[in-house]
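Sequential numbering of the sequence shown, starting at 291, is according to this note's numbering. For every residue, glycine included, the Cβ atom is placed at its ideal position computed from N, Cα and C. Let me begin by presenting the structure, written as C-alpha cells, before commenting on it.
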Amino acid sequence: MEQAYKNPLRAGLISRKVAEPCTVVVFGATGDLTGRKLMPALFNLSRNGHLPQRFAIVGYARREKSDAEFRKEVAEALREFSRNKPESETEEKDFLSRVFYQQGNFDPAGDYGRLRERVEEIEKTDGLPGNRLFYLATAPEFFTTVTENLKNAGLVHAVAPDKPWSRVIIEKPFGTDLASARELNRHVQSAFDESQIYRIDHYLGKETTQNILAFRFANAIFEPLWSARYIEQVQITVSENLGMEGRRGQYYDTAGALRDMVQNHLFQVLCLIAMEAPASMDAESIRDEKVRLLRAIHPMTVEEVAANTVRGQYGAGSVNGRPVKAYREETAVDPQSVTETFVALRLFVRNWRWAGVPFLVRTGKRLPKKASEVAVIFKQPPHQIFAGSEFQDVRQNTLVIRIQPDEGIALSFEAKQPGLTMKLQNVKMDFRYGSSFGQPTPEAYERLLLDGLLGDATLFTRADEVERAWQIISAVLDSWKQLPPPPFPNYESGTWGPAEADRLVEGLPNGWRRI
Ligand code: BG6
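Structure follows, in C-alpha cells:
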C-alpha cells in the first residue's frame, strides 16, 4: 500500500508470475488426468498470461497418434473440462499450435532416444532454451521406469546455475507403504536431484488449503489460542458421496481410504493446521515444519490402532435419493473385498502445543455429501455462570474452515437472544470466498503446474515428509492385518460411516460434527 502512494503510477498494476520459456512433456498423455485436469490447467495459465510466448507441450503415450489427432482430443477436453472455454477459434488454435504428440512405450530405452530427438527438434524450431518439465501422469508402476529412462536418454539436465533446468512432477500415489515409498524415492533421486522433484498433492493446490497458512500466520489474534490450552479437539473431515465411478475400483480396491486420502491429503491439511510458524514462506522452511509435526505423531502399536482407528466399507443404500450398490458389487472390485472405503482415526500430536488434544480425522466414500472441512473446537469457559435449567447448554466456540464447497471460515459463539430473559443462542461470523472476493478461484492444478514451472516447491511434498507420513500409515496398515477384520459392509451408503466410529469421540461433548 505504502508503495502505491509513493508511486501512484504503480497503483493497480498486477504483478503476474510468468514462467520461463520451456517444454512440458506429459507422460500418460491420453489418460483421464491429462484431459480433465492438466490440459485445462495449462490452457487457463496461458489465457491468464502465466505462460510465455515460447512454450511447448509434448504429450507422450503408447497409442499411435498424429499431432493433429492429439490436438483434436485436447480441444475436446478443453471444451468439456476447462473452467474457461476458448473464446475464439484463434485463441484455441494458438494454444493448440504449441501442443505436440510423441508415441512411445514406457519401457524400451530406444523410445526415449526418439523422444529426445523430438524435444530437441521442437526446442530448436521454437527457439526454446532447453528448460524441461516432465509430468508423470502415468500409472504409478511406471514412475521408476520413466524417470530412469529419462536420465539414461540424456533428457535430464543436472542442476547448474545459469543452465537450462529440468524438473519432474510426480503424480500420486507416491508408494503404497513405507518400504515402497523409500524405494521409489531412491530410484527417482538417482535420476533427479531432490530439488528437481515435485511430488504432487492436489490438496495443497486448493486455495482454501493455502489460506490456512494465511489465516494462521498473517493474523495475530488466533495464534495465542492455538494450543491445548484453549483447544479441546480438532476434527478434519473429507467426505465424498461418490462411490467407484467407471473402473476406479480397480485401483481403489488395492488402496483403500487410508492410503488414498489420509496418507496424503488429510495429513497435509493436518500439518498446516498444527505445525509451528515457519521462519519464512520459502519451501524449505514450510516443509521443515511439516516434517517436524509429522515426527510428533507417533506410529501406533497394534493396541493403539485397535483403540484409535475405525474402518468401514459401504453397503447398498441411497445417495441423493438415488439407490446405489454396495462396494463389493462395484465394477472391478473383489466381491469379497476387505478394502476400507471409510476410515476414522484419533491421532495425538505429542508436543508442548498439542499434548492431549485429539485430532479426529475421517474420510469416506458414499457418505451423504461431498464436503471437506476442519473444525477447531475450543474448550468451554473455565467457570460456567450460564449453567442451569433456565439456560440451554452453552455450546463451545468452533472455528470451521470449509475447504470445499461453500469455501470460507466461520466462527461460532454464544450470543444473548433478544428478549426480556437471558437466553443464549449460538451465532456465527462467516467469511465466504464467494461474497468477499467475487471471483472464481483457479483450479488446484493450475497453481501447482505454475509453481512447478516457476521452480517453487512450497506446495509439493519432500522425500522425508512423504516417508514420515507413510511410516505412520504403515503402522496402521500392519496392525490392521493382525486385528480381526470388521464385519464388512458395515455402513449403508448415504450415511456417515459405521456407528462404531462414535467410539473415537466418546467422552467428547458433541460427538462427530454434523456437516
Ligand atoms: C484423489 C483420490 O486423490 O482425491 C480420490 O484418489 C478422491 O479417491 C479425490 O475422490 C478427492 O479430491 P477432491 O479434490 O475432489 O476433494
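Residue burial classification, SER378 (beta-carbon count within 10 angstroms, cutoff 16):
Stepping through the sequence shown from its first residue, residue 378 is reached at position 88. Counting C-beta atoms within 10 angstroms of its own C-beta, SER378 has fewer than 16 neighbours from the protein chains shown and is therefore classed as exposed.
Local conformation of ARG752 per DSSP, three classes
As a first step, residue 752 must be located in the sequence shown, where it is residue number 462. ARG752 falls in the coil class under three-state DSSP.
Cβ neighbour criterion (16 or more within 10 Å) applied to VAL609
Working through the sequence shown from its first residue, we reach residue 609 at position 319. Answer is buried; the Cβ neighbour count reaches 16.
C-beta atoms of THR631 and GLY539 nearer than 8 Å
Counted from its first residue, the sequence shown places residue 631 at position 341. Counted from its first residue, the sequence shown places residue 539 at position 249. No, Cβ-Cβ distance for THR631 and GLY539 is not below 8 Å.
Along the chain, where does the beta strand (DSSP E) that runs through TYR604 open and close?
Here residue 604 refers to the residue found at position 314 when the sequence shown is read from its first residue. Residues 604–609.
Below 6 Å CB to CB, which residues in the same chain sit around GLU410 once its five sequence neighbours on both sides are set aside?
What you label residue 410 is simply residue 120 of the sequence shown in a count that begins at 1. Residues of the same chain with a CB within less than 6 Å of the CB of GLU410, apart from the 5 flanking positions on each side, do not exist.
If we require 4 or more residues per run, which alpha helix (DSSP H) segments fall completely within the segment 564–652?
Listed in chain order, the complete alpha helix (DSSP H) runs (minimum 4 residues) inside the segment 564–652 are 573–585, 592–598.
Between VAL647, GLN694, ALA665, TYR735, which has its C-alpha nearest ILE460's C-alpha?
Here residue 460 corresponds to residue number 170 of the sequence shown, with the count starting at 1. TYR735 is the residue among VAL647, GLN694, ALA665, TYR735 whose C-alpha sits nearest the C-alpha of ILE460.
Would you kindly check if the distance between the Cβ of SER764 and the Cβ of ASP467 is under 8 Å?
Here residue 467 refers to the residue found at position 177 when the sequence shown is read from its first residue. Here residue 764 refers to the residue found at position 474 when the sequence shown is read from its first residue. Yes; because the gap between Cβ atoms is below 8 Å, this pair is in contact.
Cβ neighbours of THR785 in the same chain (closer than 8 Å, five flanking residues each side left out)
Within the sequence shown, the letter at position 495 stands for residue 785. A distance below 8 Å between beta-carbons, with the five flanking residues on each side excluded, links THR785 to the following residues of its chain, in chain order: GLY607, LEU657, PRO658.
Does the segment 357–370 come close enough to the segment 389–397 to have 3 or more Cβ pairs within less than 8 Å?
Three or more Cβ pairs drawn from the segment 357–370 and the segment 389–397 lie within less than 8 Å of each other, which places the two stretches in contact.
State the start and end residues of the unbroken beta strand (DSSP E) segment that holds ILE699.
Stepping through the sequence shown from its first residue, residue 699 is reached at position 409. In the DSSP assignment, ILE699 falls within the beta strand (DSSP E) that extends over 698–706.
Could you check where the alpha helix (DSSP H) with TYR735 kicks off and where it finishes?
On the sequence shown, position 445 is the one that residue 735 refers to. TYR735 -> alpha helix (DSSP H) spans 734–744.
Flag ASP550 as yes when its Cβ comes closer than 7 Å to any non-hydrogen atom of ligand 1, and as no otherwise.
Residue numbering aside, residue 550 sits at position 260 when the sequence shown is read from its first letter. Yes, ligand 1 has a heavy atom inside 7 Å of this Cβ.
Are the segment 485–505 and the segment 690–710 in contact at 8 Å, needing three or more beta carbon pairs?
At 8 Å Cβ cutoff, the stretches touch.
Would you decide whether LEU744 is buried or exposed? Buried here means 16 or more other CB atoms lie within 10 Å of its CB.
Along the sequence shown, one-based indexing puts residue 744 at 454. With fewer than 16 other Cβ atoms within 10 Å, it is exposed.
Could you check whether the segment 768–780 touches the segment 446–454, counting it as contact only if at least three pairs of C-beta atoms, one from each stretch, sit closer than 8 Å?
These segments do not touch.
Between SER662 and ligand 1, is the CB less than 7 Å from at least one heavy atom?
Walking along the sequence shown from the start, residue 662 turns up at place 372. True, at least one ligand heavy atom lies under 7 Å from that Cβ.
For VAL717, count neighbouring C-beta atoms within 10 Å of its own C-beta (all shown protein chains included) and say buried if the count is 16 or more, exposed if not.
In the sequence shown, residue 717 corresponds to position 427, counting from 1. The residue in question, VAL717, is exposed, as its Cβ has fewer than 16 Cβ neighbours within 10 Å.
Closest by C-alpha distance to GLU790, when choosing among ALA569, ARG652, PRO732
As a position in the sequence shown, residue 790 is number 500, starting the count at 1. Selection ALA569, ARG652, PRO732 evaluated against GLU790 yields ARG652 as nearest (Cα-Cα).
Count Cβ pairs between the segment 660–679 and the segment 513–531 that sit closer than 8 Å; are there 3 or more?
Yes, the segment 660–679 is in contact with the segment 513–531.
Where do the ends of the alpha helix (DSSP H) carrying SER378 lie?
For the purposes of this step, residue 378 is taken as residue 88 along the sequence shown, with counting starting at 1. Segment: none, SER378 is in no alpha helix (DSSP H) and carries neither H nor E.
Who are the Cβ neighbours of GLU431 in its own chain at under 7 Å, not counting the five residues just before and after it?
Residue numbering aside, residue 431 sits at position 141 when the sequence shown is read from its first letter. For GLU431, where only same-chain residues beyond five positions count, there are no Cβ hits under 7 Å.
Do LEU738 and ILE490 have their CB atoms nearer than 8 Å?
The sequence position of residue 738 within the sequence shown is 448, counting from 1. The sequence position of residue 490 within the sequence shown is 200, counting from 1. Yes, the Cβ-Cβ distance between LEU738 and ILE490 is below 8 Å.
Considering Cα atoms alone, identify which of LYS383, PHE507, GLY742 is closest to GLU566.
Indexing the sequence shown from 1 puts residue 566 at position 276. For the residues LYS383, PHE507, GLY742, the minimum Cα distance to GLU566 belongs to PHE507.
Hey, quick one: how far does the alpha helix (DSSP H) through ARG337 stretch, first residue to last?
Translated into positions along the sequence shown, residue 337 becomes position 47. Annotation: the continuous alpha helix (DSSP H) that includes ARG337 extends over 329–337.
For the beta strand (DSSP E) holding THR527, just list the boundary residues, first then last.
Taking the first residue of the sequence shown as 1, we reach residue 527 at position 237. Unbroken beta strand (DSSP E) run through THR527: 521–529.
Sub-8 Å separation of PHE333 and PHE385 beta-carbons
Against the sequence shown, residue 333 aligns to sequence position 43. Against the sequence shown, residue 385 aligns to sequence position 95. Yes, the pair counts as a contact, with Cβ atoms nearer than the cut-off.
Following a CB-centred definition, is LYS659 positioned closer than 7 Å to any heavy atom of ligand 3?
With respect to ligand 3, the structure shown offers nothing to examine, as its ligands consist of ligand 1.
State yes or no: is the C-beta of VAL592 within less than 8 Å of the C-beta of HIS555?
Locating residue 592 in the sequence shown gives position 302, counting from the first residue. Locating residue 555 in the sequence shown gives position 265, counting from the first residue. HIS555 sits away from VAL592, with the two beta carbons spaced by 8 Å or more.
For GLU407, count neighbouring Cβ atoms within 10 angstroms of its own Cβ and tell me buried if that reaches 16, exposed if not.
Residue numbering aside, residue 407 sits at position 117 when the sequence shown is read from its first letter. It is exposed - the Cβ of GLU407 has fewer than 16 other Cβ atoms within 10 Å.
Going by beta carbon distance, what residues of the same chain come within less than 8 Å of VAL756, once the five residues before and after it are set aside?
In the sequence shown, residue 756 corresponds to position 466, counting from 1. Excluding its 5 nearest sequence neighbours in each direction, VAL756 has C-beta neighbours in its own chain below 8 Å: PHE464, GLY465, ALA471, ASN475, ARG489, listed in chain order.
Does DSSP put ALA351 in a helix, a strand or coil?
For this step, residue 351 is matched to residue 61 along the sequence shown. If DSSP states are grouped into helix, strand and coil, ALA351 belongs with the strands.
Cβ-based burial, ASP624 [other Cβ within 10 Å; buried from 16]:
The count along the sequence shown starts at 1 and reaches residue 624 at position 334. Exposed.
Which first and last residues belong to the alpha helix (DSSP H) in which ARG361 is found?
Residue numbering aside, residue 361 sits at position 71 when the sequence shown is read from its first letter. For ARG361, the uninterrupted alpha helix (DSSP H) segment begins and ends at 357–371.
By alpha-carbon positions, which one of GLY536, ALA569, ALA547 ends up nearest to TYR604?
What you label residue 604 is simply residue 314 of the sequence shown in a count that begins at 1. The shortest C-alpha separation from TYR604 is found at ALA547.
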